[in-house]
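Student: Read top to bottom, the protein sequences are chains A and B. Counting from 1, one number per residue, gives the positions in the first sequence under the UniProt record's numbering. Counting from 1, one number per residue, gives the positions in the second sequence under the UniProt record's numbering. Note that CB positions come from ideal geometry on N, CA and C, so glycine has one too. It should be emphasised that the depicted structure is a prediction, and the values quoted were computed from it without experimental measurement.
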Amino acid sequence: MASISPARRALAHAPWSPAAWRDTTFVASGVPLQFAGWAVLGSVWPFWAPVNATPIFLVLAGTCALTLLALRPLTRWQRERCWAMLGLHIPSIPGFDEGRAWEVLRGLRKPEVWRMLRYHLIVGPLLAFGGLATIAAWAGGAILACTGAYTWALPDTSPLSSVDKAHAVRVGMLSVVGVLLLVAAPWVAAGVRRLDARAAVALLGPDRAAELERRVEDLAEKRASVVDAADLERRRIERDLHDGAQQRLVSLALNLGLARETLTGVPDDAMRVIVEAHEEAKEALTELRNLIRGLHPAVLEDRGLDAALSGIAARVPLEVRLRVEVEPRASSTVEAVAYFVVSEALTNVVKHARATAVDVAAIREGARLRLTVADDGVGGADPSRGTGLTGLARRVRSVDGTFRIISPAGGPTTVTVELPCAL
Amino acid sequence: MRIVIAEDSVLLRAGLIKLLETSGFEVAAAVGEAEGLLAAVREHRPDAAIVDVRMPPGFTDEGVRAALVMRREAPEVAVLLLSQYVEERYAADLLSTSTSGIGYLLKDRVADVSVFLDALRRVAAGGTALDPEVVSQLLLRRHRDPLDRLTPREKEVLALMAEGRSNAGIAGALVVSESAVAKHINNIFAKLDLPHAEGDHRRVLAVLRFLDGET
Numbered sequence: 001m002a003s004i005s006p007a008r009r010a011l012a013h014a015p016w017s018p019a020a021w022r023d024t025t026f027v028a029s030g031v032p033l034q035f036a037g038w039a040v041l042g043s044v045w046p047f048w049a050p051v052n053a054t055p056i057f058l059v060l061a062g063t064c065a066l067t068l069l070a071l072r073p074l075t076r077w078q079r080e081r082c083w084a085m086l087g088l089h090i091p092s093i094p095g096f097d098e099g100r101a102w103e104v105l106r107g108l109r110k111p112e113v114w115r116m117l118r119y120h121l122i123v124g125p126l127l128a129f130g131g132l133a134t135i136a137a138w139a140g141g142a143i144l145a146c147t148g149a150y151t152w153a154l155p156d157t158s159p160l161s162s163v164d165k166a167h168a169v170r171v172g173m174l175s176v177v178g179v180l181l182l183v184a185a186p187w188v189a190a191g192v193r194r195l196d197a198r199a200a201v202a203l204l205g206p207d208r209a210a211e212l213e214r215r216v217e218d219l220a221e222k223r224a225s226v227v228d229a230a231d232l233e234r235r236r237i238e239r240d241l242h243d244g245a246q247q248r249l250v251s252l253a254l255n256l257g258l259a260r261e262t263l264t265g266v267p268d269d270a271m272r273v274i275v276e277a278h279e280e281a282k283e284a285l286t287e288l289r290n291l292i293r294g295l296h297p298a299v300l301e302d303r304g305l306d307a308a309l310s311g312i313a314a315r316v317p318l319e320v321r322l323r324v325e326v327e328p329r330a331s332s333t334v335e336a337v338a339y340f341v342v343s344e345a346l347t348n349v350v351k352h353a354r355a356t357a358v359d360v361a362a363i364r365e366g367a368r369l370r371l372t373v374a375d376d377g378v379g380g381a382d383p384s385r386g387t388g389l390t391g392l393a394r395r396v397r398s399v400d401g402t403f404r405i406i407s408p409a410g411g412p413t414t415v416t417v418e419l420p421c422a423l
Numbered sequence: 001m002r003i004v005i006a007e008d009s010v011l012l013r014a015g016l017i018k019l020l021e022t023s024g025f026e027v028a029a030a031v032g033e034a035e036g037l038l039a040a041v042r043e044h045r046p047d048a049a050i051v052d053v054r055m056p057p058g059f060t061d062e063g064v065r066a067a068l069v070m071r072r073e074a075p076e077v078a079v080l081l082l083s084q085y086v087e088e089r090y091a092a093d094l095l096s097t098s099t100s101g102i103g104y105l106l107k108d109r110v111a112d113v114s115v116f117l118d119a120l121r122r123v124a125a126g127g128t129a130l131d132p133e134v135v136s137q138l139l140l141r142r143h144r145d146p147l148d149r150l151t152p153r154e155k156e157v158l159a160l161m162a163e164g165r166s167n168a169g170i171a172g173a174l175v176v177s178e179s180a181v182a183k184h185i186n187n188i189f190a191k192l193d194l195p196h197a198e199g200d201h202r203r204v205l206a207v208l209r210f211l212d213g214e215t
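1. Tell me whether B/T215 sits in a helix, a strand or coil according to DSSP, three-state version.
2. With a 10 Å radius around its C-beta and 16 neighbouring C-beta atoms as the bar for buried, classify B/G15 as buried or exposed.
3. Are the CB atoms of A/V373 and A/L346 nearer to each other than 8 angstroms?
4. Drop a sphere of 10 angstroms on the beta-carbon of A/D375, count the other beta-carbons inside from all chains shown, and report buried for 16 or more, exposed for fewer.
5. Suppose only complete runs of 4+ residues qualify. What are the alpha helix (DSSP H) ranges in the segment 207–280 of chain A, listed by chain order?
6. Which same chain residues, not among the five before or five after B/E7, have their C-beta less than 6 angstroms away from its C-beta?
7. Are A/E325 and A/R364 close, meaning C-beta to C-beta below 8 angstroms?
8. Closer than 8 angstroms by beta-carbon distance: list the chain B residues that pair up with A/V299, in chain order.
9. Considering only the beta carbon of each residue, do A/L144 and A/Q78 sit closer than 8 angstroms?
10. For B/K107, which residues in chain A fall below 7 angstroms Cβ to Cβ?
11. Quick one: grab the DSSP three-state call for B/I5.
12. Using alpha carbons as the reference points, say which of B/I17, B/V207, B/L174, B/A34 lies closest to B/P146.
13. Comparing C-alpha positions only, which one of B/T128, B/P75, B/K107 sits nearest to B/G169?
14. Below 8 angstroms, how does it come out for the segment 79–94 of chain B and the segment 274–286 of chain A: are there three or more Cβ pairs, yes or no?
15. Grab me the residues of A/V320's own chain with a C-beta within less than 7 angstroms of its C-beta, minus the 5 sequence neighbours each way, in chain order.
16. Are A/P206 and A/I93 close, meaning C-beta to C-beta below 8 angstroms?
17. What alpha helix (DSSP H) runs, 4 residues minimum, are completely inside the segment 159–208 of chain A?
18. Based on Cα-Cα distance, which residue from B/L82, B/E154, B/L37 lies nearest to B/V176?
19. Looking at C-alpha atoms only, which residue of B/S98, B/R109, B/V134, B/V69 is the closest neighbour of B/L205?
20. How should B/M70 be labelled, buried or exposed, when 16 other C-beta atoms within 10 angstroms of its C-beta is the threshold for buried?
21. Can you tell me where the beta strand (DSSP E) with A/L365 in it begins and where it stops?
22. In this structure, what does DSSP give as the bridge partners for B/F59?
23. Say whether chain B places a C-beta atom closer than 8 angstroms to the C-beta of A/K282.
24. Quick one: what does DSSP say A/L291 is sitting in, helix, strand or coil?
25. Which residues in the same chain as A/R118 place their Cβ atom closer than 8 angstroms to its Cβ, once the five residues preceding and following it in sequence are excluded?
26. Going by alpha carbons, who is nearest to B/T22 out of A/R260, A/A36, A/I237, A/L174?
27. Under the assumption that A/A281 contacts A/L252 (Cβ atoms under 8 angstroms), give the Cβ distance between them as a whole number of angstroms.
28. Of the residues B/I102, B/R149, B/V115, B/S179, which one's Cα is nearest the Cα of B/V125?
29. Of all the CB atoms in chain B, is at least one closer than 8 angstroms to the CB of A/T402?
30. Of all the options A/L174, A/S175, A/R193, A/W16, which has the alpha carbon lying nearest to the alpha carbon of A/G87?
31. Taking 8 angstroms as the threshold (C-beta atoms), are A/G388 and A/P412 in contact?
32. How long is the line joining the alpha carbons of A/L60 and A/E213, rounded to whole angstroms?
33. Can you tell which of A/F35, A/W45, A/I90 has its C-alpha closest to the C-alpha of A/A70?
34. Say whether chain B places a C-beta atom closer than 8 angstroms to the C-beta of A/G311.
35. Would you check if the segment 76–83 of chain B and the segment 38–53 of chain B touch, i.e. whether three or more CB-CB distances between them fall below 8 angstroms?
36. Short of 6 angstroms in beta carbon distance, which residues of its chain neighbour A/M116, apart from the five on each side in sequence? Order them along the chain.
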């Protein structure tokens, strides 16, 4: 940084540089617009004559209404000025720039309206004075710089064209002042332009904090609907598998079983094939059943978390102490996540922890659902390795939950998950 | 023996009809939804009904609800529920009313033809048939304490007993003599402090109460 030499900078701001002219036109074009706010504010007063007894409050109300109505067009023009002359894009504000013109009148509670007022009535006019100063610098500079030429061009008889030495010095000094003003004018223009642009972005565009807030709300809503859709999809797959593949497989296994029991006089080889096929079909049924139960168990929907969790607790070959207190029930998506969390955590315990007992608790505390799975195993679980824990954490985060695992080497391991009860 | 079938999958319904008819049962009616089941039971008064748990229109637990209605309207008709999954919670609900003439099996079990028909006959005769999967869930739940006192063989006998098998059935499944089974059962009842119950399904009830009880 700071590698731009003073000479370069001076050159960039030379009176003939394009930047100087751009800044000057920008600043000068702002002057009428920036005084427009005051003009609107003052426009009603000539019509107020105490004599014909127009009540003062009517006049005040009229002034306020006019000013508010002027906000939107003034703002639009200012934005267009910034865009046309500086290439500076100031986005419109969703809650402010839409709808009918008179709707602005109801907007006094909106922070945007107050920011606009600040620009058009306070900051703008101050900048307009800056603009006037810029114009004055240019005009004054030009006139004074020409003093020498002017006196030189005058006929000798004119009283101004004295050959007196003191007079010549005065003319010279005025010319110098003029040149200095011409040199200074671009700097003034640049300064005013910078202030104006900053004020316009801050006061005429959307507020960053409000914009972010709106965006966060929007995203949260979108994510909730994505999560719900995923959950719905899981249920649909479960139903499809149940109605389709599973029924077909049961029927197949039934027919094979029937063949195995009833066919007589079949060669041994053929019988062996039938028996193998039958066993395969049964294996496939068991696998499919476990898969479906992992997707979304029907009992979860019918009877809630307690029934579904005692179902998995009973399937785990460990001592599981289960405590479920979730009244009233959480939303079905959250229940599905809670079920998944406990199911995955227990699978991990069985696979890695070498535990003898697990405590599982699902307790509703106000609007939060707190899940704990604590085992007495060897610990050392690392969430950065192994897909089980990362998948779990990801699913928890998808509903804005928090996931914590404490698992020192040597154990024990405690997984704590908090979920919001409603999305 | 006359049977009514309620199963919404056409394929499986046809398979069941074929299975039952080849094995000497008479299929009085085969329907696709719960309303039709109740009508068919009223009309035909069968010995047993084979009912799919998940049926139209809601595809949740229509079969269970129909079964409960049937228990009220025609208690003499045995009900064998088939389900894609067995959940101990459903089993507990079903068995809370009565354990006679009721069965709850995984749908997959129809593939093991003889085991399935055995369960059907047991239920039709007023007994109980509980899926091994449910029983193992119940056994797992009851982990500590008295169960640890049982020998592995006694645990096997207990599981088969909980499924609703008779002494002869247990003996057949474990390939031991019936008197050996009777001895095991005596030991089990003594070790678990269960009241001695006469009759198969009373015995099932006692065992299930023990397994289902909290600690």
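Tutor: To lay it out plainly:
1. Only weak support exists for where B/T215 lies, its pLDDT of 38 falling under 50; the value from the coordinates is given anyway. Correct three-state label for B/T215: coil.
2. buried
3. yes
4. buried
5. 208–241, 247–262
6. R13, D52
7. yes
8. Y85, E87, R89, Y90
9. no
10. V250
11. strand
12. B/V207
13. B/T128
14. no
15. A313, V358, V360
16. yes
17. 165–204
18. B/E154
19. B/S98
20. buried
21. According to the sequence displayed, residue 365 of chain A carries Glu and not Leu. Where A/E365 is concerned, the enclosing beta strand (DSSP E) stretches over 357–365.
22. In the DSSP output, where bridge partners are listed per residue, B/F59 has none listed.
23. yes
24. helix
25. L203
26. A/R260
27. 5 angstroms
28. Reading off the sequence shown, one finds Ala at residue 125 of chain B, where the question assumed Val. Closest option to B/A125, Cα to Cα, is B/I102.
29. no
30. A/R193
31. no
32. 35 angstroms
33. A/F35
34. yes
35. yes
36. L71, T75
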